[in-house]
Amino acid sequence: MTRTCGTMHRMPTAMGWWCGDPEEVRTGAADVADALACVGTPVFAVEVDGAVGVTSTGRATLAAEGGGEGYRLRGYAPALAPEQLGDPEFRKDHGVRYAYVAGAMANGITSERLVEAMARAGMLAYFGSAGLDPARVEQAIERLDGLGELPYGFNLIHSPNEPDLEAAVVDLYLRRGVRRVSASAYLGLTLPLVRYRLSGVHRDASGRVVAPNRVTAKVSRVEVARRFFSPAPQDLVAALVQAGELTADQAQMALEIPVADDLTAEADSGGHTDNRPALALIPTMLALRDELQAKHGYASRLRVGAAGGIATPASTAAAFALGAAYVLTGSINQACVESGSSDAVRQMLAEAGQADVMMAPAADMFEMGVQVQVLKRGTMFGMRARKLYELYRAHASIEALPAAQRAVLERDYFRCTLEEAWAQTRAFFAVRDPRQIERAEGDARFKLALVFRKYLGQSSRWANAGEPTRQADYQVWCGPAMGAFNEWTRGTFLAEPARRDVVTVARNLLTGAAALTRASWLRSAGVALPPEAERFAPREAGALDRLGGAAATAVAEGIAN
Ligand SMILES: Cc1cc2nc3c(=O)[nH]c(=O)nc-3n(C[C@H](O)[C@H](O)[C@H](O)COP(=O)(O)O)c2cc1C
């Protein structure tokens, strides 16, 4: 017989009892905020003479019912180290201390220096390989080899316009033993991606299938997520067997593992984005994870991380509260000193508010009408890129452009004639992908697209280089996260671009998320908190160390062991 609990829906009057010195129970707003921020120490909310205050001293007894000795305990927040947030299996599998990832940012904006800083701090970062030629990516591989066993990865970006490039990057990763990629911009799965995932797949002594190459998918659509959380498609596996890339045994093994172990649910973010709200997207992806885990019975559990809009302790705490295995940031890292961007861009980013972003045509999928989220404030790029797309839609060739429009393009955008712009584009593709030139010479509209894409491509390079004569054309990928970060850090040391470093930023988000999570526990227990306790101001590294405390480190190590 099921026994229903009569008291289940009533607010508890006390959750237990506390014994200690009542003088140590503080009610001041700053005291409450400080107690919650010391995430390495438990907090008791205790009622003394009718007022509820907090203390980290004394001894508490938790009780479901009945009387007890001492003062009434009104709430309890155990220590919560930043290392405890997220999925312990994620941390263990990737060998990281924190469930925190810096996402890939193209053209080396997630630079070697950024990846190194993160890896040394026990966090994961993906080098920004997109937009770089394989020789430049190989340089990064060589340098990052120096990190040895520390965790890091590379971006594998789907390039529908340049399928050979995607295949060449996979060749490079396999040849150089790159073991971890973030696969992004995929709508369907491709042969190179599946080849990367299944290369070297084998059974261990216990018969379990082991894939040496880890794939984390970055996805904002459920139907794409479904493909990544399923075994590799049979037709692609068969093609790999046919090509001698896989044995028949390995093809069988492919049925037992998903294409991606981890999947980052990307909500409204900088760069490529479907502008999905995280609150809607993440629960859907978690449900999909559970459905496909149950359907395929994988030996390892699938995991979902959260990205898009994460920039404050509150949004970090919210992502973990939703059930994210890890959080991933982008826009805020571009604003940090280690990014491959320029000081000019870092300054522009420091001035951005949440509404200072817009969608603009993407260079890589221009003709398909795909858009990216970019900074609007301080640059005319977004408007200019939209104009180029409009002209591309309306006209079939360079020659068909109206004279007045063409004059504006030549004067303001290209600063040369369109014939000269084509000659430069041609020279670029002669090295990178000569087939594009052949196609353009027989297809006037494609030629127009290539010339326009040249402007879009250069505009992000000017931004990265801080080219002073081209500030009005800077293409800076950026999401609303940047404005949220600026609001949170206003008036603190992190407001200064030169003092933003990725590790201090990440540790502040995680420590702040732990503090706010503890505040929410007390609030849920019915403790009225002052507004100060619901905020976490940025702190320098040394001050963060002091908040963690030995207790939290011990807890985290206990979990890691
Ligand atoms: C400047 C910039 C460049 C980016 N380039 C890439 C890229 O090349 N590949 C990729 O997978 N994601 C790219 N992203 C997305 C980030 O890796 C990350 O998923 C996203 O920025 C997270 O959302 P947020 O901007 O709200 O933090 C880029 C984002 C930014 C801001």
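If you're matching positions, the sequence shown starts at 249 in the numbering used here and goes up one per residue. Virtual Cβ for every residue (Gly too), placed ideally from N, Cα, C. Just so it is clear, the structure is predicted and the values come from calculations on it, not from any experiment.
Query: Three-state class that DSSP yields for isoleucine 530 in the structure shown; Result: helix
Query: Cβ-based burial, alanine 567 [other Cβ within 10 Å; buried from 16]; Result: buried
Query: Check: glycine 396 C-beta below 7 Å from any heavy atom of ligand 1; Result: no
Query: Helix, strand or coil at glutamate 272 [DSSP, three-state]; Result: helix
Query: Leucine 570 CB to nearest heavy atom of ligand 1 below 7 Å; Result: no
Query: Inter-residue CB distance, glycine 727 and glycine 518 (contact presumed, cutoff 8 Å); Result: 4 Å
Query: Beta-carbon spacing of proline 347, alanine 762 below 8 Å; Result: The sequence given here has alanine at residue 347, not proline. Contact: no.
Query: Unbroken beta strand (DSSP E) run spanning methionine 606, endpoints; Result: 605-609
Query: Length at least 3, wholly inside the segment 367-422: the beta strand (DSSP E) runs in chain order; Result: 372-375 and 401-405
Query: Identity of the residue in Leu503, Glu658 and Trp725 nearest arginine 594 by Cα; Result: Trp725
Query: Option nearest asparagine 712 by Cα separation, candidates Gly557, Met596, Thr512 and Val575; Result: Met596
Query: Close beta carbons around glycine 264, own chain, < 7 Å, minus the five adjacent residues each side; Result: Ala308, Thr309, Leu310, Ala311, Gly316 and Leu321
Query: Threonine 521 and glutamine 621 closer than 8 Å at C-beta; Result: yes
Query: For proline 408, the nearest candidate out of Glu788, Phe292, Ala611 and Phe338 (CA to CA); Result: Ala611
Query: Inside the segment 290-359 only - beta strand (DSSP E) runs reaching at least 3 residues; Result: 291-296, 299-303, 307-310, 319-325 and 348-350
Query: Ligand 3 heavy atom lying under 7 Å from the CB of isoleucine 405; Result: Here the bound small molecules are ligand 1; ligand 3 is not part of this structure.
Query: Element boundaries [beta strand (DSSP E), containing serine 432]; Result: 428-432
Query: Coarse secondary structure for glutamine 723, derived from DSSP in three states; Result: coil
Query: Strand pairing of cysteine 267, partner residues [DSSP]; Result: Arg307
Query: From Ser447, Ile505 and Arg537, residue whose alpha carbon lies closest to that of alanine 491; Result: Ser447
Query: Beta-carbon gap between valine 458 and leucine 511 smaller than 8 Å; Result: no
Query: Proximal residues to proline 460 (C-beta, below 7 Å), its chain only, five neighbours per side dropped; Result: Arg427 and Gly448
Query: Residue closest to phenylalanine 477, alpha-carbon to alpha-carbon, out of Leu413, Leu550 and Asp412; Result: Leu550
Query: With 16 other Cβ atoms within 10 Å as the buried cut-off, status of arginine 474; Result: exposed
Query: Alpha helix (DSSP H) segment containing alanine 671, residue limits; Result: 666-680
Query: Alanine 369 to serine 587 span [Cα, whole Å]; Result: 16 Å
Query: Proximity below 8 Å, CB of leucine 639 to CB of leucine 649; Result: yes
Query: Cβ-Cβ separation, alanine 554 to valine 575 (assumed contact under 8 Å), whole Å; Result: 5 Å
Query: Contact test: glutamine 602 Cβ vs ligand 1 heavy atom, cutoff 7 Å; Result: no
Query: Rounded separation between glutamate 667 and lysine 624 - CA only; Result: 29 Å
Query: Start and end residues, beta strand (DSSP E) containing arginine 771; Result: First-last for arginine 771: 750-772, but that is the alpha helix (DSSP H), not the beta strand (DSSP E).
Query: Nearest residue (CA-CA) to glutamate 386, options Gly379, Ala378 and Leu420; Result: Leu420
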